[in-house]
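Worksheet: one structure, shown below.
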Amino acid sequence: MKNKILSFTSAALLVVNLFGCQSNESKKLNTAQAEPDTQVNLDAKVALGKHLVVIAGCHDCHTPRKMGPMGPEMDMSRALSGHPAQVPIPEIDRNELESKGIAATQSLTAWMGPWGVSFSSNLTSDETGIGNWTEEQFFIALRDGKSKGIPTNRQILPPMPYEMIGQMTDEEISAVFAYLKSTTPIDNVVPQPIPPLNAMKP
Numbered sequence: 001m002k003n004k005i006l007s008f009t010s011a012a013l014l015v016v017n018l019f020g021c022q023s024n025e026s027k028k029l030n031t032a033q034a035e036p037d038t039q040v041n042l043d044a045k046v047a048l049g050k051h052l053v054v055i056a057g058c059h060d061c062h063t064p065r066k067m068g069p070m071g072p073e074m075d076m077s078r079a080l081s082g083h084p085a086q087v088p089i090p091e092i093d094r095n096e097l098e099s100k101g102i103a104a105t106q107s108l109t110a111w112m113g114p115w116g117v118s119f120s121s122n123l124t125s126d127e128t129g130i131g132n133w134t135e136e137q138f139f140i141a142l143r144d145g146k147s148k149g150i151p152t153n154r155q156i157l158p159p160m161p162y163e164m165i166g167q168m169t170d171e172e173i174s175a176v177f178a179y180l181k182s183t184t185p186i187d188n189v190v191p192q193p194i195p196p197l198n199a200m201k202p
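Quick note on full-length UniProt numbering: the sequence shown kicks off at 1 and runs consecutively.
This is the structure in structure tokens:
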């Protein structure tokens with residue numbers, strides 16, 4: 001009887017060890033499989049974000065132009081870097097333009113209207129762009145229209161259509177943010193907006 005008990009106990013331990021080993025191996029396999037899946041998911045998220053940036057027209061204002069064989073074209077070496085810090089505003093009659101409508105500079109990165117002069121932001125992953133932003137800030141910027149995604153900041157100025165872009169789903173905004181965080185960092189400190197001339201008068 002004692003031998004039977006020992007045999008049963010030994011068999012039970014063997015089964016436990018066998019399944020335990022299989023369980024550990026299974027965990028290792030699952031972990032090994034999860035890592036590529038996580039990277040694949042991130043790659044897919046970034047790809048979606050890139051697609052949304054293109055079809056939403058973000059390059060239209062945030063990527064400077066250069067002269068090409070067919071005329072002005074996007075300078076993709078400075079993609080999404082915003083208004084070039086070294087480019088001055090052309091000498092024009094701001095008073096007339098501000099009172100009558102909207103005008104853009106030759107690079108289409110600076111805009112004038114009743115709000116004054118606004119400059120397209122640097123959206124690259126550089127610290128002069130959104131490199132230090134959190135995803136929460138990005139949501140606040142697009143959903144609430146707050147400059148730099150800070151609730152107490154001023155409203156984002158035209159022509160940025162945050163009211164429309166903010167209609168993206170949470171998943172889409174998160175994907176756009178993931179893509180922008182993956183972009184090549186470009187050091188470009190965009191100028192601060194210039195108030196309208198009328199607002200400057202005493």
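For every residue, glycine included, the Cβ atom is placed at its ideal position computed from N, Cα and C.
Treat the numbers as computed from the prediction; the structure is a model and nothing was measured.
{"Check": "Is the beta carbon of Ala85 sitting closer than 8 Å to the one on Val190?", "Outcome": "yes"}
{"Check": "Can you name the start and end residues of the beta strand (DSSP E) that Ala110 belongs to?", "Outcome": "110–113"}
{"Check": "Helix or strand or just coil, what does DSSP make of Glu163?", "Outcome": "helix"}
{"Check": "Which residues in the same chain have their Cβ closer than 8 Å to the Cβ of Met50, if we skip the five residues on either side of it in sequence?", "Outcome": "One detail in the question is off: residue 50 reads as Lys in this sequence, not Met. Contacts found: Tyr179."}
{"Check": "Taking all protein chains shown into account, do 16 or more other C-beta atoms lie within 10 angstroms of the C-beta of Gly145, making it buried, or fewer, making it exposed?", "Outcome": "buried"}
{"Check": "With C-beta atoms as the reference, is Gly166 less than 8 Å away from Ser120?", "Outcome": "no"}
{"Check": "So, with DSSP's three-state summary, where would you put residue 204?", "Outcome": "The displayed coordinates of the chain run from 1 to 202. Any statement about residue 204 would go beyond what the structure contains."}
{"Check": "Is the beta carbon of Leu108 closer than 8 Å to that of Cys61?", "Outcome": "yes"}
{"Check": "Answer with buried or exposed for Val40, where buried requires no fewer than 16 other C-beta atoms within 10 angstroms of its C-beta.", "Outcome": "exposed"}
{"Check": "From the DSSP output, read off the bridge partner residues of Glu73.", "Outcome": "Lys66"}
{"Check": "On a Cα-Cα basis, can you pick out the residue from Leu80, Asp170, Ala141 that is closest to Thr184?", "Outcome": "Leu80"}
{"Check": "According to DSSP, is Pro193 part of a helix, a strand, or is it coil?", "Outcome": "coil"}
{"Check": "Can the beta-carbon of Trp111 be found closer than 8 Å to that of Pro161?", "Outcome": "no"}
{"Check": "In terms of DSSP beta bridges, what is Phe119 paired with?", "Outcome": "Ala110"}
{"Check": "Which value, in whole angstroms, describes the spacing of the CA atoms of residue 240 and Met164?", "Outcome": "Nothing can be reported for residue 240, as the shown portion of the chain is limited to 1 through 202."}
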